[in-house]
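Listed in order, the protein sequences are those of chains X and G. So that you can map any letter, position 89 of the first sequence is 127 in this note's numbering, and since no number is skipped, the others follow by simple counting. So that you can map any letter, position 121 of the second sequence is 159 in this note's numbering, and since no number is skipped, the others follow by simple counting. Take a look at the structure below.
There are 2 protein chains.
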Amino acid sequence: MKIGELARRTGLSMDTIRYYERIGLLPRADRNAARQRDYDPSILTWIAFLRRLKTTGMPIRDMVRYAALRAQGEETVAQRGALLRHHRDAVQAHLDELHACLDVLDSKIAGYAGSTREDVNHDPDDQSPNLGPGPAHDAER
Amino acid sequence: MKIGELARRTGLSMDTIRYYERIGLLPRADRNAARQRDYDPSILTWIAFLRRLKTTGMPIRDMVRYAALRAQGEETVAQRGALLRHHRDAVQAHLDELHACLDVLDSKIAGYAGSTREDVNHDPDDQSPNLGPGPAHDAER
DNA sequence: CTAGGTGCTGGAGCGCACTCCAGGTCAAGC
DNA sequence: GCTTGACCTGGAGTGCGCTCCAGCACCTAG
Numbered sequence: 039m040k041i042g043e044l045a046r047r048t049g050l051s052m053d054t055i056r057y058y059e060r061i062g063l064l065p066r067a068d069r070n071a072a073r074q075r076d077y078d079p080s081i082l083t084w085i086a087f088l089r090r091l092k093t094t095g096m097p098i099r100d101m102v103r104y105a106a107l108r109a110q111g112e113e114t115v116a117q118r119g120a121l122l123r124h125h126r127d128a129v130q131a132h133l134d135e136l137h138a139c140l141d142v143l144d145s146k147i148a149g150y151a152g153s154t155r156e157d158v159n160h161d162p163d164d165q166s167p168n169l170g171p172g173p174a175h176d177a178e179r
Numbered sequence: 039m040k041i042g043e044l045a046r047r048t049g050l051s052m053d054t055i056r057y058y059e060r061i062g063l064l065p066r067a068d069r070n071a072a073r074q075r076d077y078d079p080s081i082l083t084w085i086a087f088l089r090r091l092k093t094t095g096m097p098i099r100d101m102v103r104y105a106a107l108r109a110q111g112e113e114t115v116a117q118r119g120a121l122l123r124h125h126r127d128a129v130q131a132h133l134d135e136l137h138a139c140l141d142v143l144d145s146k147i148a149g150y151a152g153s154t155r156e157d158v159n160h161d162p163d164d165q166s167p168n169l170g171p172g173p174a175h176d177a178e179r
């Protein structure tokens with residue numbers, strides 16, 4: 039499979055695929071006689087996995103770290119597992135936060151109660167503070 | 039309340055607060071005799087709300103749009119409501135996606151089954167593709 | 001009177017994750 | 001033999017969301 043087809047099949051751009059290779063997210067691709075990248079379909083599995091890591095908010099540098107461990111073979115299985123478990127926990131935490139925000143959003147939307155066509159004449163943009171973190175909590179970096 | 043205290047109470051940096059003002063996310067602050075920003079505590083409510091929008095992944099330009107509508111007063115209530123409902127749906131969709139990814143992650147972690155100290159000698163980095171989007175679906179932009 | 005702390009402005013710089021481009025190679029079809 | 005199209009490389013550019021900085025103004029405590 040050449041890069042164009044891989045791009046079509048993954049939804050990534052060719053540029054992005056080459057970029058991922060440069061930074062070590064994708065292994066250096068084999069080349070055909072014309073020195074063009076020639077991919078084995080198994081790359082699709084890896085890209086699908088990368089996409090999940092990305093969707094769940096893992097920064098690229100961490101994915102690269104994972105990819106590097108993977109490239110080193112069996113001996114890094116423990117580290118990879120740890121990395122994934124760590125990430126899973128982060129995702130779970132973010133998910134909880136999102137659920138909470140969604141609830142607040144929903145109640146705020148309820149405050150806007152169908153004002154698209156009905157008459158509501160208070161300003162819905164006035165509700166409880168609750169800054170979560172607050173002072174001396176540097177979740178903000 | 040001066041900017042330093044606001045920063046402490048919100049967890050934002052003073053630079054970020056001033057930046058938010060520059061781009062229109064925060065209203066132009068009142069000034070005290072020494073031309074320093076002097077905030078009314080009600081700003082805390084607004085910042086808490088902005089933080090939720092941000093946490094739920096709303097890009098700053100959309101928050102600015104919302105802030106601008108809000109500044110225009112009552113007549114924009116309908117538009118603001120629509121904007122929020124739209125965002126809520128996007129958040130919900132993202133949440134669903136995250137849940138799905140988390141499930142896959144969990145099953146992958148299960149594949150790494152406690153290999154931190156036990157012996158597992160297959161490579162867990164081999165599983166089903168499933169590229170989600172696939173061809174001709176540009177969720178990727 | 002002066003030193004330190006806090007705040008001001010305008011503008012430059014940064015890290016991330018791409019994205020675009022110029023100029024070139026190669027293979028196939030007309 | 002020439003054009004077309006897919007692909008190549010190295011490097012520059014982009015948009016986002018801050019973050020940092022120089023140089024200055026003010027206020028308070030010692």
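Cβ atoms here follow ideal geometry from the backbone N, Cα and C, with glycine treated the same way.
Asked, Found
"DSSP beta-bridge partners of arginine 75 of chain G", "G/Arg69"
"Cutoff 9 angstroms: arginine 99 of chain X Cβ touching any chain G Cβ", "no"
"Interface residues of chain X facing aspartate 78 of chain G [CB-CB closer than 7 angstroms]", "In chain order: nothing, as chain X lies at least about 12 angstroms away."
"Chain X within 9 angstroms of glutamate 59 of chain G, Cβ atoms only", "no"
"Bridge partner(s) assigned by DSSP for lysine 40 of chain G", "G/Asp76"
"Element boundaries [alpha helix (DSSP H), containing threonine 54 of chain G]", "52–61"
"Start and end residues, alpha helix (DSSP H) containing methionine 96 of chain X", "From DSSP, methionine 96 of chain X is part of no alpha helix (DSSP H); its letter is neither H nor E."
"Residues of the stretch 119–145 of chain X with Cβ closer than 9 angstroms to any Cβ of chain G, in chain order", "Gly119, Ala120, Leu122, Arg123, His125, Arg126, Val129, Gln130, His132, Leu133, Glu135, Leu136, His137, Ala138, Cys139, Leu140, Val142, Leu143, Asp144"
"Pick from G/Ile41, G/Tyr58, G/Asp163, G/Glu59 that is closest to valine 115 of chain X, judged by C-alpha positions", "G/Asp163"
"Limits of the alpha helix (DSSP H) - the one that alanine 131 of chain G falls within", "115–149"
"Pick from G/Asn70, G/Ile85, G/Pro79 that is closest to leucine 50 of chain G, judged by C-alpha positions", "G/Ile85"
"9 angstroms Cβ cutoff, valine 115 of chain X in contact with chain G", "yes"
"C-alpha distance - asparagine 159 of chain G paired with glutamate 112 of chain X, whole-angstrom precision", "Here the model assigns asparagine 159 of chain G a pLDDT of 49, short of 50, so the residue's position is not dependable and the matter cannot be decided."
"Rounded straight-line distance, which links the Cα of glutamine 130 of chain G to that of tyrosine 77 of chain G", "34 angstroms"
"Aspartate 163 of chain X: contacting residues in chain G (beta-carbon distance under 7 angstroms)", "Arg108"
"DSSP-derived helix/strand/coil call for leucine 64 of chain X", "coil"
"DSSP three-state assignment for lysine 110 of chain G, whether helix, strand or coil", "In the sequence under discussion, the amino acid at residue 110 of chain G is glutamine, which differs from the lysine named in the question. Correct three-state label for glutamine 110 of chain G: coil."
"Arginine 90 of chain X: contacting residues in chain G (beta-carbon distance under 8 angstroms)", "Cys139, Val142, Leu143"
"Distance between tyrosine 58 of chain X and leucine 122 of chain G (C-alpha atoms, nearest Å)", "35 angstroms"
"Simplified DSSP assignment, three categories, for aspartate 163 of chain X", "coil"
"Three-pair Cβ contact test at 8 angstroms for the stretch 134–148 of chain G versus the stretch 79–98 of chain G", "no"
"Interface residues of the stretch 46–58 of chain X facing chain G [CB-CB below 9 angstroms]", "Arg46, Arg47, Thr48, Gly49, Leu50, Ser51, Thr54"
"Distance between leucine 44 of chain X and alanine 148 of chain G (C-alpha atoms, nearest Å)", "29 angstroms"
"Neighbour flag for isoleucine 147 of chain X against chain G, beta carbons, 9 angstroms", "yes"
"Cβ distance (whole Å) where leucine 82 of chain G is taken to contact methionine 101 of chain G below 8 angstroms", "About 16 angstroms; that fails the 8 angstroms criterion."
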